[in-house]
Structures are given as C-alpha cells and as structure tokens.
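Colleague: I have a structure I would like to understand better, so I am pasting it below and will then ask my questions one at a time.
This is the structure in structure tokens:
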C-alpha cells in the first residue's frame with residue numbers, strides 16, 4: 023500500500039509495510055514438517071475453529087467434536103497449499119466453515135431419511151424451529167443454518183463467513199482467495215436463492231438485509 027506524504031512541494035509516495043500475520047512463520051514451519059510448530063499452530067487457531075464450527079453446526083449439536091476433529095485434519099492437509107493471501111486464522115476459519123456446512127448437510131439428509139422411514143412419507147426439507155421463548159439471536163442462528171442447507175458450497179461458505187462470522191467483505195475475499203467483486207456476486211446469488219424461503223417463513227427476511 024502507498025500513501026502520499028509532503029515532500030516539500032511535490033507529493034512523494036511512501037511504501038507502507040505489508041500486514042504482518044503473527045502466525046505466518048509458524049504456519050510455514052508447520053507445513054514444512056515441524057511437529058512442534060504444528061502443535062503450537064493448532065493451539066493458536068483452535069478457538070477460532072471451534073467458534074466457526076459452533077456458528078454453523080450449533081453449539082449443542084451432538085457432532086460438534088467430530089466436526090472439529092474433521093476440521094483439524096482438513097486444516098493440516100491443506101496447510102502446504104496456504105499461500106499467505108489471507109491470515110492463517112481466516113484460512114483456518116474458511117476450512118472450518120466448509121467442513122461444518124458439509125457435515126450439517128449430511129446430518130440433515132440423514133434426519134430427513136429417518137423421518138421418511140418413520141412417517142412413511144417422502145424425505146423433504148425441514149425448517150429449523152426454535153422455542154417460543156428463545157432469544158432472537160438463537161432463532162437467527164437456526165435460520166442461518168437452515169438456509170445454508172439450500173446453498174451451493176461456494177455460496178454457503180461465503181454467506182457463512184460474512185453473516186455467521188461477521189467478516190468484512192475484504193476479509194471474506196482474502197479468506198476465499200477471491201476478488202471482492204466475486205464475493206459480492208456470490209452473496210447476491212445466495213440472497214436471491216434465499217428470498218424464495220421468505221414465502222415459507224417471513225423471519226428469514228432478517229437475514230437478507232443490505233450488507234453488500
């Protein structure tokens with residue numbers, strides 16, 4: 023990044039130092055086979071991975087621990103491909119979101135098949151329901167998780183990073199290694215697909231507010 027400074031009459035461009043990721047060196051050593059660095063790295067990103075998984079799967083989901091383990095394995099396997107275009111934490115969070123979305127979809131498919139067998143009816147999508155006394159924040163999370171089940175993976179991943187984890191547009195772009203305009207396009211497509219759900223549950227409109 024460059025900034026303009028006063029050079030005594032003529033503007034002078036001064037280079038700004040690049041952003042420094044405190045985990046970048048640790049990630050490089052871990053990717054290179056340093057077992058100690060890998061253990062330190064996993065501890066450093068553990069809280070972020072857990073938050074991301076819980077945001078998508080649900081804090082009380084019975085398979086949270088399994089998803090965390092799956093996420094850690096996926097992160098370790100993906101680490102050699104990390105090019106430093108985002109922070110290590112954002113890279114790890116993206117993997118956690120992708121893993122949790124896939125796990126949730128598998129869980130919902132199993133539940134639908136089980137319900138179909140019990141009820142003798144064709145499997146169909148079930149909207150998440152929250153107790154009448156539950157806080158709106160909990161309801162919002164359930165709505166978000168239900169919505170993610172309908173979206174293609176790349177849109178679900180982008181939508182989850184932006185809405186569930188609250189990443190900025192630039193942070194989502196960095197984490198997904200995509201231009202900001204591509205992120206905007208994915209969010210727009212996700213919202214267009216999700217608007218159809220409003221007809222069945224007007225509460226979903228709260229998730230579709232302007233943030234692009």
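Numbering (the numbering used here), first residue to last: 23 to 234.
We treat Cβ as the ideally placed atom computed from N, Cα and C, and that holds for glycine.
Determine the contact status of residue 83 and residue 121, defining contact as a CB-CB distance below 9 Å.
Modeller: No.
Colleague: Within 10 angstroms of the Cβ of residue 196, are there 16 or more other Cβ atoms? Answer buried if so, exposed if not.
Modeller: Result: buried.
Colleague: Between 126, 201, 218, which lies nearest to residue 182 when the distance is taken from Cα to Cα?
Modeller: Comparing Cα-Cα distances from residue 182 to each of 126, 201, 218, the minimum goes to 126.
Colleague: Expressed to the nearest angstrom, what Euclidean distance is found between the alpha-carbon atoms of residue 117 and residue 79?
Modeller: Approximately 14 Å, taken between the alpha carbons.
Colleague: If you draw a straight line from the C-alpha of residue 104 to the C-alpha of residue 203, how long is it?
Modeller: Distance between the alpha carbons of residue 104 and residue 203 is about 22 Å.
Colleague: Measuring CA to CA, which of 59, 46, 58, 85 is closest to residue 111?
Modeller: Per the Cα distances, 46.
Colleague: Hey, out of 42, 176, 48, whose CA is closest to residue 208's CA?
Modeller: If we check each option's Cα against that of residue 208, 176 comes out closest.
Colleague: Of all the alpha helix (DSSP H) runs that stay within the bounds of the region 47-121, which reach a length of 4 or more residues?
Modeller: Segments of the alpha helix (DSSP H) lying fully in the region 47-121: 57-79, 86-100.
Colleague: One question on the structure: do residue 170 and residue 205 come within less than 9 Å of each other, judged by their Cβ atoms?
Modeller: No, the pair does not count as a contact, with Cβ atoms beyond the cut-off.
Colleague: Between 191, 213, 70, which has its C-alpha nearest residue 174's C-alpha?
Modeller: The shortest Cα separation from residue 174 among 191, 213, 70 belongs to 213.
Colleague: Could you tell me which of 108, 172, 211, 114 sits nearest to residue 192, measuring between CA atoms?
Modeller: The candidate whose alpha carbon is nearest that of residue 192 is 108.
Colleague: In angstroms with no decimal places, state the Cα-to-Cα distance between residue 7 and residue 186.
Modeller: No statement about residue 7 is possible, as the shown extent of the chain runs from 23 to 234 and does not include it.
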